[in-house]
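Protein chains: 2
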Amino acid sequence: MTTRVGILGYGNLGRGVECAVNDAEDMELAAVFTRRDPASLKILSKNAAVVSVNDAASYQDKIDVMILCGGSATDLPKQTPEYAKLFNVVDSFDTHAKIPAHFSNVDASAKTGNKVALISAGWDPGMFSLNRLYANAILPQGNDYTFWGKGVSQGHSDAIRRVKGVKDARQYTCPIDSALEAVRSGSNPELSTRQKHTRLCYVVLEEGADAAAVENEIKTMPNYFSDYDTTVNFISQEELIRDHGGIPHGGFVFRTGITGANKENRHIIEYSLKLDSNPEFTANVLVAYARAVVRLNKEGVSGCKTVFDIAPAYLSPLSGEVLRATML
Amino acid sequence: MTTRVGILGYGNLGRGVECAVNDAEDMELAAVFTRRDPASLKILSKNAAVVSVNDAASYQDKIDVMILCGGSATDLPKQTPEYAKLFNVVDSFDTHAKIPAHFSNVDASAKTGNKVALISAGWDPGMFSLNRLYANAILPQGNDYTFWGKGVSQGHSDAIRRVKGVKDARQYTCPIDSALEAVRSGSNPELSTRQKHTRLCYVVLEEGADAAAVENEIKTMPNYFSDYDTTVNFISQEELIRDHGGIPHGGFVFRTGITGANKENRHIIEYSLKLDSNPEFTANVLVAYARAVVRLNKEGVSGCKTVFDIAPAYLSPLSGEVLRATML
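Protein sequences appear in the order of chains A and B.
Position one of the first sequence corresponds to residue 1 (the working numbering), numbered consecutively onward.
Position one of the second sequence corresponds to residue 1001 (the working numbering), numbered consecutively onward.
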């Protein structure tokens, strides 16, 4: 049975989901739902419809799962509860502090609709969260470390763009090698914010802007930059487009723990991602969980779930028998 | 509710399980079952019974899960089906090629007894398998690489000990750094057996043994050594005990994959373990899955399971609410 997928929102993430669905032999893209005029939207897929979001409800019998590709700030807190009444849904809600409230809203809706809604899929939250959970369950006595990068932070890039005199900007979050090595050595270092990451900024100035003032405003910006060692490089718009057009990201999750009658043995678990495209990798995670969500709902499950609640085999198109024979 | 645990077999793995159970606040060790004379067995725990394996059946109401700590060659193929009729069980069966047959035998028994039996927990099979599955589900187009070590291989150490003139031996499997770096670079190298690992041997000779003949016999041994670059170092028994008494291990699981409309973006997922004690880490995995098995059985589940079938949240003593708030 082919899983029929809907995509709501056609930005970087939505386009990534489209590619991932087209790559999956057990899935097909039924429709892309958009707030724009559907006639104005060109999508890659030839056989999928482009539909106004206002007509989504009429697709209840035509799609098995809706992948919600909006943003966490304003779209998903509204969309996920709304669509979980109508469809099995998957989202990538990534405002960590607001996950419990989002879970609770979505859970009520999904139960009303007898649907499964999986929230906060992606890599952090998502694969990094899974690795934190597994590693903590296995090594209950230990320390956790998460590092991000090297990668583009959209939030920090946007913050720089709001500075007066800045025309465009790209910000990279960079883990500090010596901190990674200290964690890998098992020495359980206590690391301050400044000791874990640096921030590297590429800034295009507006004509006549005061470079020194811009640099100072960036470096002293509270929350975003003041707690970090920040480097500001001024470049041309052409250079920004040519050298910094990608959206790479990644990071590291460690747990270091001890075992034994006298706690004499040390263990280090490390998980890392090096991603050329943050939205495309996130999209691939969403699509794997879309497969799981449809299966669970067919088994009669409903309500809000997270990656913690899904048995890994549900993510794979392969049977349990094949998985055991080839991957165990 | 405290989970009452039984341990069957009190070697390195059984002792590791004992430590892990004693560290878990939601578990208590009820009894260690042994084929030896129970009176002869000293265990670390003060409040646990030492019981003959012949009396195990009488403990059906006294323990919630039996962790089977025997070997994969002869113990577990017999023990796991036998005890899965009486108890929820967890084993570390690690003969990859025989997992499907073991699964089938254990599944029939566990269903007869209305118990849950989780087989092949540990790190490979186990955590490495999970990482292969997750990474393949997320990046369906890509390549897998698994490296082991640096660590002690008991099988290879035993093979050396069987060579005439060898008194004692310890063999380390070592991943080759340049191969790891080639994989990390995303170049998708094709790697032969010899290009992935080397074998490092520390050998104690019997008095009067012919060192050159022993070295030659080791290096040319089919299956074990002939396909590898092998180094043989002769040392004294004292040096072996002093410098090579531990049982460290570990390794690396990679998946490199591509995404995008033109497959233009590359992603690298890496999971690695660096373990001071192979049996103690394995024991900690078994204990986390023992928690899961008891919970599943209370929900009415029965039959044979693997790590692929268990939702991660079942491994943790924390509630879903706490997990979402702290680890997602």
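C-beta: ideal position from N, C-alpha, C; glycine also.
Please read these numbers as outputs of a predicted model, since none were measured by experiment.
Show which residues of chain A have a CB atom less than 8 Å away from the CB atom of residue i.
{"i": "Phe-1103 of chain B", "result": "Arg-324"}
{"i": "Pro-1249 of chain B", "result": "The amino acid occupying residue 1249 of chain B in the given sequence is His; Pro does not appear at that position. Result: empty, since nearest Cβ-Cβ is about 10 Å, beyond 8 Å."}
Can you list the residues of chain B that residue i reaches, using a CB-CB cut of under 9 Å?
{"i": "Lys-187 of chain A", "result": "First, the residue type needs correcting, since residue 187 of chain A is Ser and not Lys in the sequence shown. Within chain B, no residue comes near Ser-187 of chain A; the closest Cβ sits about 13 Å away, beyond 9 Å."}
{"i": "His-267 of chain A", "result": "Gly-1250, Leu-1273, Lys-1274, Leu-1275, Asp-1276, Ser-1277, Glu-1280, Phe-1281, Asn-1284"}
{"i": "Ser-120 of chain A", "result": "Arg-1324, Leu-1328"}
Taking the straight line between their C-alpha atoms, what separation do you get for residue i and residue j?
{"i": "Ile-1247 of chain B", "j": "Lys-1078 of chain B", "result": "26 Å"}
{"i": "Thr-112 of chain A", "j": "Cys-201 of chain A", "result": "47 Å"}
{"i": "Ser-1045 of chain B", "j": "Arg-1242 of chain B", "result": "28 Å"}
{"i": "Val-232 of chain A", "j": "Leu-240 of chain A", "result": "13 Å"}
{"i": "Thr-193 of chain A", "j": "Leu-139 of chain A", "result": "25 Å"}
{"i": "Glu-280 of chain A", "j": "Lys-1062 of chain B", "result": "51 Å"}
{"i": "Val-1065 of chain B", "j": "Leu-13 of chain A", "result": "44 Å"}
{"i": "Gly-245 of chain A", "j": "Ser-157 of chain A", "result": "12 Å"}
{"i": "Val-1307 of chain B", "j": "Cys-1019 of chain B", "result": "22 Å"}
{"i": "Leu-315 of chain A", "j": "Thr-230 of chain A", "result": "40 Å"}
{"i": "Asp-1026 of chain B", "j": "Tyr-10 of chain A", "result": "47 Å"}
{"i": "Ala-1311 of chain B", "j": "Asp-309 of chain A", "result": "5 Å"}
{"i": "Ser-187 of chain A", "j": "Asp-177 of chain A", "result": "15 Å"}
{"i": "Ile-1214 of chain B", "j": "Asp-1168 of chain B", "result": "The identity of residue 1214 of chain B in the sequence shown is Val, whereas the question assumes Ile. Distance between the alpha carbons of Val-1214 of chain B and Asp-1168 of chain B: 12 Å."}
{"i": "Gly-155 of chain A", "j": "Tyr-224 of chain A", "result": "9 Å"}
{"i": "Met-1 of chain A", "j": "Ile-160 of chain A", "result": "48 Å"}
{"i": "Arg-1291 of chain B", "j": "Ala-1030 of chain B", "result": "15 Å"}
{"i": "Ala-1073 of chain B", "j": "Asp-23 of chain A", "result": "41 Å"}
{"i": "Ala-56 of chain A", "j": "Tyr-134 of chain A", "result": "38 Å"}
{"i": "Pro-222 of chain A", "j": "Asn-1088 of chain B", "result": "54 Å"}
{"i": "Val-21 of chain A", "j": "Val-287 of chain A", "result": "7 Å"}
{"i": "Thr-146 of chain A", "j": "Val-152 of chain A", "result": "16 Å"}
{"i": "Leu-76 of chain A", "j": "Trp-1148 of chain B", "result": "42 Å"}
Closest to residue i by CA distance: which of the options is it?
{"i": "Glu-1207 of chain B", "options": "B:Gln-1195, B:Val-1166, B:Pro-1175", "result": "B:Val-1166"}
{"i": "Val-5 of chain A", "options": "A:Tyr-289, A:Gly-260, A:Ala-108, A:Ser-129", "result": "A:Tyr-289"}
{"i": "Pro-189 of chain A", "options": "A:Phe-254, A:Leu-139, A:Met-127", "result": "A:Phe-254"}
{"i": "Lys-1115 of chain B", "options": "B:Ile-1310, B:Gly-1300, B:Asp-1309, B:Ala-1121", "result": "B:Gly-1300"}
{"i": "Glu-264 of chain A", "options": "B:Ser-1236, B:Ala-1261, B:Ala-1121, B:Asp-1276", "result": "B:Asp-1276"}
{"i": "Gln-171 of chain A", "options": "A:Ile-235, A:Gly-126, A:Ala-121", "result": "A:Ile-235"}
{"i": "Ile-119 of chain A", "options": "A:Thr-230, A:Gly-71, A:Trp-148, A:Asn-12", "result": "A:Gly-71"}
{"i": "His-1267 of chain B", "options": "A:Ala-283, A:Gly-14, A:Glu-270, A:Ala-261", "result": "A:Ala-283"}
{"i": "Asn-1131 of chain B", "options": "B:Gly-1303, B:Ile-1310, B:Glu-1270", "result": "B:Glu-1270"}
{"i": "Gly-122 of chain A", "options": "A:Phe-147, A:Ala-325, A:Leu-273", "result": "A:Leu-273"}
{"i": "Thr-1256 of chain B", "options": "B:Asn-1262, B:Lys-1219, B:Leu-1318, B:Ala-1182", "result": "B:Ala-1182"}
{"i": "Glu-28 of chain A", "options": "A:Val-203, A:Ser-52, A:Thr-3", "result": "A:Thr-3"}
{"i": "Arg-1036 of chain B", "options": "B:Val-1053, B:Ala-1048, B:Ala-1049, B:Asn-1047", "result": "B:Val-1053"}
{"i": "Val-1106 of chain B", "options": "B:Pro-1125, B:Pro-1081, B:Val-1089", "result": "B:Pro-1081"}
{"i": "Val-1032 of chain B", "options": "B:Tyr-1145, B:Arg-1015, B:Ile-1007, B:Gly-1251", "result": "B:Ile-1007"}
{"i": "Ala-179 of chain A", "options": "A:Tyr-83, A:Gly-251, A:Phe-128, A:Glu-217", "result": "A:Gly-251"}
Could you tell me if the beta carbon of residue i falls within a distance shorter than 7 Å of some heavy atom in the ligand ATP?
{"i": "Phe-1128 of chain B", "result": "Among the components modelled here there is no ligand, and therefore nothing to report on the ligand ATP."}
Using a C-beta to C-beta distance shorter than 8 Å, which residues of chain B count as neighbours of residue i?
{"i": "Pro-125 of chain A", "result": "Leu-1328"}
{"i": "Leu-130 of chain A", "result": "Tyr-1134, Pro-1312"}
{"i": "Ala-73 of chain A", "result": "Chain B residues near Ala-73 of chain A: none, gap ~18 Å exceeds 8 Å."}
Residue i versus chain A: which residues are under 7 Å apart at the beta carbon?
{"i": "Asp-1023 of chain B", "result": "Pro-140, Gln-141"}
{"i": "Gly-1260 of chain B", "result": "Cys-19, Ser-277, Glu-280"}
{"i": "Ala-1137 of chain B", "result": "Ala-288, Leu-315, Ser-316"}
Report the neighbours of residue i on chain A: residues whose CB is nearer than 9 Å to its CB, in chain order.
{"i": "Leu-1029 of chain B", "result": "The premise fails here: Leu-1029 of chain B is roughly 13 Å from chain A at the closest Cβ pair, so nothing lies under 9 Å."}
{"i": "Ala-1179 of chain B", "result": "By Cβ distance, chain A contributes nothing, its closest Cβ being about 17 Å from Ala-1179 of chain B, past 9 Å."}
Find the residues of chain B that neighbour residue i, judging by a C-beta separation of less than 7 Å, and give them in chain order.
{"i": "Ala-110 of chain A", "result": "The premise fails here: Ala-110 of chain A is roughly 15 Å from chain B at the closest Cβ pair, so nothing lies under 7 Å."}
Problem set entry | Within 7 Å of chain A by C-beta, residues of the segment 1269 to 1293 of chain B in sequence order | Ile-1269, Glu-1270, Tyr-1271, Ser-1272, Leu-1273, Lys-1274, Leu-1275, Asp-1276, Ser-1277, Glu-1280, Phe-1281, Asn-1284, Val-1285, Ala-1288
Problem set entry | Proximal residues, the segment 1080 to 1101 of chain B versus chain A, C-beta separation under 8 Å | His-1096, Ile-1099, Pro-1100
For this session: Below 7 Å between beta carbons is the criterion; list the residues of the segment 1307 to 1319 of chain B that meet it against any residue of chain A, in chain order.
Result: Phe-1308, Asp-1309, Ile-1310, Ala-1311, Pro-1312, Ala-1313, Leu-1315, Ser-1316
For this session: Name, going along the chain, the residues of the segment 42 to 70 of chain A whose beta-carbon falls closer than 9 Å to a beta-carbon of chain B.
Result: Leu-44
For this session: Write down every uninterrupted run of the alpha helix (DSSP H) in the segment 1226 to 1291 of chain B whose length is 4 residues or greater and which is fully enclosed by it, in chain order.
Result: 1237 to 1243
Exercise. What are the complete alpha helix (DSSP H) segments, minimum 4 residues, inside the segment 1188 to 1230 of chain B?
Worked result: 1193 to 1196, 1211 to 1219
For this session: At 3 residues or longer, and completely inside the segment 111 to 161 of chain A: list those beta strand (DSSP E) runs for me, N to C.
Result: 116 to 118, 142 to 148
For this session: Would you mind listing the beta strand (DSSP E) stretches within the segment 3 to 55 of chain A that are 3+ residues and don't spill past its ends, in chain order?
Result: 3 to 8, 27 to 34, 49 to 52
For this session: Entirely within the segment 1047 to 1098 of chain B and at least 4 residues each: give me those alpha helix (DSSP H) ranges in chain order.
Result: 1075 to 1084
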